[in-house]
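Residue numbers (the working numbering), protein chains in the order written: chain A, 1073 to 1319; chain B, 2 to 270. Yeah, the Cβ is synthetic: ideal placement off N, Cα and C, and Gly gets one too. Since the model is a prediction, treat every value here as computed from it, not as a measurement. Okay, so here's the structure we're looking at.
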C-alpha cells in the first residue's frame, strides 16, 4: 500500500539530547499504526516529530510526501489531526465551540454550515449530547472524544492519538478503541496511535513499531501478532508476555 | 564542575534564553504588523474579554490605590508646605505628580500584578495542558491567537485605568486638604492651573506604553512556561517582576529623554 508517512534513518530527540537513533519505518495509507514501548522510550518524542512540533535531529521524515519546513508547515497542518493525551480542549470554550474553531479559521462555510459540520463530528464520536458542555463538566473519556471530534473537523488524512487510553478505566478505554475502529471503517483515514496498552494494541493495530529506551532505537516492527509470536528480542518477548516494561 | 565551566554553561544558557525571548518578541511584532494587512485575523472577541477583565475587573483596586496615594501624598506634602504657609500648592504638586508620573506608574504596577500575572498563568496553564501544541497543530499560531488580543487589551486598558487612578488620587488629595482647611474650590483651581493637555497626554501615552510592556511580558512568560508542576508559578512570578523592572527602567529613560529634550518641562503654578 502507498505510504503516507516515511521515516528514513531518523534521529529523534531534542537539541543536545538524542533519544532514538536511526529510526526507519513507514505507515501505509489507511492503516492503524502503533508507536509502542515502555515509559520514557521516546514514543511521544517520535510523534512530536511526526506532527511537526519538533524538528528531527537527523535523517529524513515525510508526511503525505512533504518534509516539515517553513514552506510546507501550513499545508501539512491541514493534513493532520491530533488528539493529545489530556485532550487539550480549550477550557474557555464549550465542546461545540472547540470543534467550530478550526472550521471558523480555515473554511469558507457560513455559520449554519459550520455548526452542522461540527455537530456531525460530535455525533461521529457520540458526543452530540454534550455539545454545550464545558470541558471541565465532562469526564476524561468524553474530553478525549471531543478532542477527536475537533481533530476530525477539517477531514485530515492522518489522525494522531497520544495515549488515548491513559487515565481511562478499561471499559471507557475499550469504547475508545471501538470508536477508532469505527472511524477507520467510515473515514478510511490513517491512524498513528501512541500507546503501551496491550489490549488496545491487539484490538486496533494493523502494525506496530516498538522502541527501547536502553538501546535508543526501534527494536521491532510488524503486526502485534508477529511481534508477540515471532520476535526473538528478549525485551519484546517480555513486553508482550508480561505487559509493559518500565525503563 | 570548575568555575570556568559553570560560567560558560550559565552564559550559554542565558544566551539561549535571550535568543528564545527575542524570537518570541519578534514573532509577536511580525504578527501584530501582519494584522494591518489582514485585520480580520484579529480575535476581537478575545480582545474584548481580556479588555473587560483588565479594565472593569481592575477598576476597584485601581480606584482604591489611586485614592490612597492621593491621600498619602497630600498628607506628607501638606505638613511640610503648611509650615511655609503655602499648603494650597499641594493641589498643584498633586496634579503634576499624578498626571505625569505616579498615575501611569502605579496603574502599571497594579496591571502587572493583576493582569500580567493572570496572562502568564492562563497561557502557562494552557501550555502545560498541551493547548498551545493543539493550537499549533491546528495551524493557529499561539502568538496571534493568544498573545495579540491580550497585549492589545492591556494597551487599551491602561489609559482608561490611569485616568481613573489620577482622578481618585485628586479626590483623595482634595479630601485631605479640606480637612486641613483648604476649600475644595481652591484645590480644584490649583489642579486646573497646573494641568495641561500635554501633561495628560504624556501620562496616557506612558500608560499605553506600560500596558504594552505588561501585556507582552505577561504573555511571553506564559508561552515560555516549562511543562512542570511549578512552571506556571515561576512564569507568573517572572511576569510580575520583569514587568515592574521594565516599567521602572522605561519610565526612567522617558524622564531622561524628556529632560534632555526639554519636552513639557515648564509648569504653571
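Inter-residue Cα distance where the pair is residue 1120(A) and residue 116(B): What you label residue 1120(A) is simply residue 48 of the first chain in a count that begins at 1. What you label residue 116(B) is simply residue 115 of the second chain in a count that begins at 1. For residue 1120(A) and residue 116(B), the distance between alpha carbons rounds to 32 Å.
If you draw a straight line from the C-alpha of residue 92(B) to the C-alpha of residue 241(B), how long is it? Taking the first residue of the second chain as position 1, residue 92(B) is located at position 91. Taking the first residue of the second chain as position 1, residue 241(B) is located at position 240. For residue 92(B) and residue 241(B), the distance between alpha carbons rounds to 32 Å.
Run of the beta strand (DSSP E) containing residue 131(B), from where it starts to where it stops: Walking along the second chain from the start, residue 131(B) turns up at place 130. Counting along the chain, residue 131(B) falls outside any beta strand (DSSP E), and DSSP gives it neither H nor E.
What span of residues does the alpha helix (DSSP H) with residue 1204(A) cover, start to end? What you label residue 1204(A) is simply residue 132 of the first chain in a count that begins at 1. Per DSSP, residue 1204(A) belongs to no alpha helix (DSSP H) and is neither H nor E.
Return the chain-ordered list of same chain residues with a C-beta closer than 6 Å to the C-beta of residue 1132(A), the five sequence neighbours on each side being excluded. Taking the first chain and counting its residues from 1, one reaches residue 1132(A) at position 60. So the list reads 1080, once near-sequence residues are dropped.
Residue 1197(A) - DSSP class collapsed to helix/strand/coil: Numbered from its first residue, the first chain carries residue 1197(A) at position 125. Note: residue 1197(A) maps to coil in three-state DSSP.
Thinking C-beta only, is residue 209(B) closer than 8 Å to residue 64(B)? For the purposes of this step, residue 64(B) is identified with residue 63 of the second chain, where counting begins at 1. For the purposes of this step, residue 209(B) is identified with residue 208 of the second chain, where counting begins at 1. No, these two residues do not count as a Cβ contact at 8 Å.
In whole angstroms, what separates the C-alpha of residue 236(B) from that of residue 119(B)? Taking the first residue of the second chain as position 1, residue 236(B) is located at position 235. Taking the first residue of the second chain as position 1, residue 119(B) is located at position 118. Going by C-alpha positions, residue 236(B) is about 10 Å away from residue 119(B).
Got a sec? Which residues, its chain only, sit under 8 Å from residue 1186(A) by beta carbon, not counting five neighbours each side? Sequence index remark: in the first chain, residue 1186(A) carries index 114 (1-based). Counting only Cβ-Cβ distances below 8 Å, and skipping sequence neighbours, we find 1172, 1175, 1176, 1179.
Can you tell me whether DSSP reads residue 1290(A) as helix, strand or coil? What you label residue 1290(A) is simply residue 218 of the first chain in a count that begins at 1. DSSP places residue 1290(A) in strand when its eight states are reduced to three.
For residue 1152(A) and chain B, any beta-carbon pair shorter than 8 Å? Here residue 1152(A) corresponds to residue number 80 of the first chain, with the count starting at 1. Yes, its Cβ sits closer than 8 Å to a Cβ of chain B.
Could you tell me the alpha carbon to alpha carbon distance between residue 1268(A) and residue 50(B), rounded to whole angstroms? Working through the first chain from its first residue, we reach residue 1268(A) at position 196. Working through the second chain from its first residue, we reach residue 50(B) at position 49. So the two alpha carbons sit approximately 42 Å from each other.
Would you identify the three-state DSSP class for residue 1075(A), choosing helix, strand or coil? Residue numbering aside, residue 1075(A) sits at position 3 when the first chain is read from its first letter. In the three-state reduction of the DSSP assignment, residue 1075(A) falls in the strand class, which pools E and B.
Considering only their Cβ atoms, is the gap separating residue 1266(A) from residue 1282(A) smaller than 8 Å? Reading the first chain from its first residue, position 210 is the one you call residue 1282(A). Reading the first chain from its first residue, position 194 is the one you call residue 1266(A). Not closer than 8 Å, so no.
Below 8 Å, how does it come out for the region 1096 to 1112 of chain A and the region 1271 to 1291 of chain A: are there three or more Cβ pairs, yes or no? yes
Neighbour flag for residue 1176(A) against chain B, beta carbons, 8 Å: On the first chain, residue 1176(A) is found 104 positions in, with the first residue counted as 1. By this cut-off, residue 1176(A) is not an interface position.
Could you compute how far the alpha carbon of residue 1135(A) sits from the alpha carbon of residue 1148(A)? Translated into the one-based positions of the first chain, residue 1135(A) becomes position 63. Translated into the one-based positions of the first chain, residue 1148(A) becomes position 76. About 7 Å.
Cα separation between residue 10(B) and residue 18(B)? For the purposes of this step, residue 10(B) is taken as residue 9 along the second chain, with counting starting at 1. For the purposes of this step, residue 18(B) is taken as residue 17 along the second chain, with counting starting at 1. So the two alpha carbons sit approximately 12 Å from each other.
Are the region 75 to 82 of chain B and the region 175 to 193 of chain B in contact at 8 Å, needing three or more beta carbon pairs? yes
According to DSSP, residue 1108(A) sits in a beta bridge with which residue or residues? Here residue 1108(A) refers to the residue found at position 36 of the first chain. Its beta-bridge partners are 1267(A), 1282(A).
How about residue 1202(A) and residue 1255(A): are their beta carbons less than 8 Å apart? Along the first chain, one-based indexing puts residue 1202(A) at 130. Along the first chain, one-based indexing puts residue 1255(A) at 183. Going by C-beta atoms, residue 1202(A) is not nearer than 8 Å to residue 1255(A).
Is there a C-beta anywhere in chain B that falls below 8 Å from the one on residue 1146(A)? Here residue 1146(A) refers to the residue found at position 74 of the first chain. Yes, because at least one Cβ of chain B sits closer than 8 Å to the Cβ of residue 1146(A).
Can you tell me the Cβ-Cβ gap for residue 232(B) and residue 226(B), rounded? I've got them flagged as a contact below 8 Å. In the second chain, counting from the first residue as 1, residue 232(B) sits at position 231. In the second chain, counting from the first residue as 1, residue 226(B) sits at position 225. About 5 Å; that satisfies the 8 Å criterion.
With C-beta atoms as the reference, is residue 150(B) less than 8 Å away from residue 32(B)? Taking the second chain and counting its residues from 1, the one referred to as residue 150(B) is at position 149. Taking the second chain and counting its residues from 1, the one referred to as residue 32(B) is at position 31. No; because the gap between Cβ atoms is not below 8 Å, this pair is not in contact.
Which residues, in order along the region 101 to 135 of chain B, keep a beta-carbon less than 7 Å from a beta-carbon of chain A? From the region 101 to 135 of chain B, only 130, 131, 132, 134, 135 have a Cβ closer than 7 Å to chain A.
Residues of chain A with CB under 8 Å from residue 2(B), in chain order? Residue numbering aside, residue 2(B) sits at position 1 when the second chain is read from its first letter. Going along chain A, no residue has its Cβ under 8 Å from residue 2(B), so there is no contact; the nearest lies around 17 Å.
Within chain B, the residues that residue 1124(A) reaches when beta carbons sit closer than 9 Å: Here residue 1124(A) refers to the residue found at position 52 when the first chain is read from its first residue. Correct list: 137, 138.
If you measure from the beta carbon of residue 1263(A) to each beta carbon in chain B, is any gap under 8 Å? Looking up residue 1263(A) in the first chain gives position 191. Judged by the 8 Å Cβ criterion, residue 1263(A) is not in contact with chain B.
Measuring only between beta-carbons, confirm whether residue 49(B) sits less than 8 Å from chain C. The structure shown contains no chain C; the protein chains it does contain are A and B.
Does the beta carbon of residue 1321(A) sit closer than 8 Å to a beta carbon anywhere in chain B? Because chain A spans 1073 through 1319 in this model, residue 1321(A) falls outside it and cannot be assessed.
Can you find the residues in the same chain that come closer than 6 Å, C-beta to C-beta, to residue 1077(A), ignoring five residues on each side of it along the sequence? Taking the first residue of the first chain as position 1, residue 1077(A) is located at position 5. Here the set comprises 1099, 1135.
Given this structure, state the Cα-to-Cα distance separating residue 41(B) from residue 48(B), to the nearest angstrom. For the purposes of this step, residue 41(B) is identified with residue 40 of the second chain, where counting begins at 1. For the purposes of this step, residue 48(B) is identified with residue 47 of the second chain, where counting begins at 1. The straight-line gap from Cα to Cα measures roughly 13 Å.
Starting from residue 80(B) and walking both ways along the alpha helix (DSSP H), at which residues does that stretch end? To locate residue 80(B), count along the second chain from 1; it is residue 79. 60 to 83 is the span of the alpha helix (DSSP H), which, as asked, contains residue 80(B).
Within its chain, find whatever has a CB closer than 7 Å to the CB of residue 1234(A); leave out the 5 residues flanking it on each side and keep chain order. Locating residue 1234(A) in the first chain gives position 162, where the first residue counts as 1. Result list for residue 1234(A): 1116, 1119, 1155, 1156, 1157, 1266, in chain order.
Identify the residues that DSSP records as bridge partners of residue 1230(A): which are they? Numbered from its first residue, the first chain carries residue 1230(A) at position 158. Its beta-bridge partners are 1152(A), 1262(A).
Report the three-state DSSP secondary structure of residue 1184(A) (helix, strand or coil). Position 112 of the first chain, counted from the start, is the residue given in the question as residue 1184(A). Residue 1184(A): helix per DSSP, three-state reduction.
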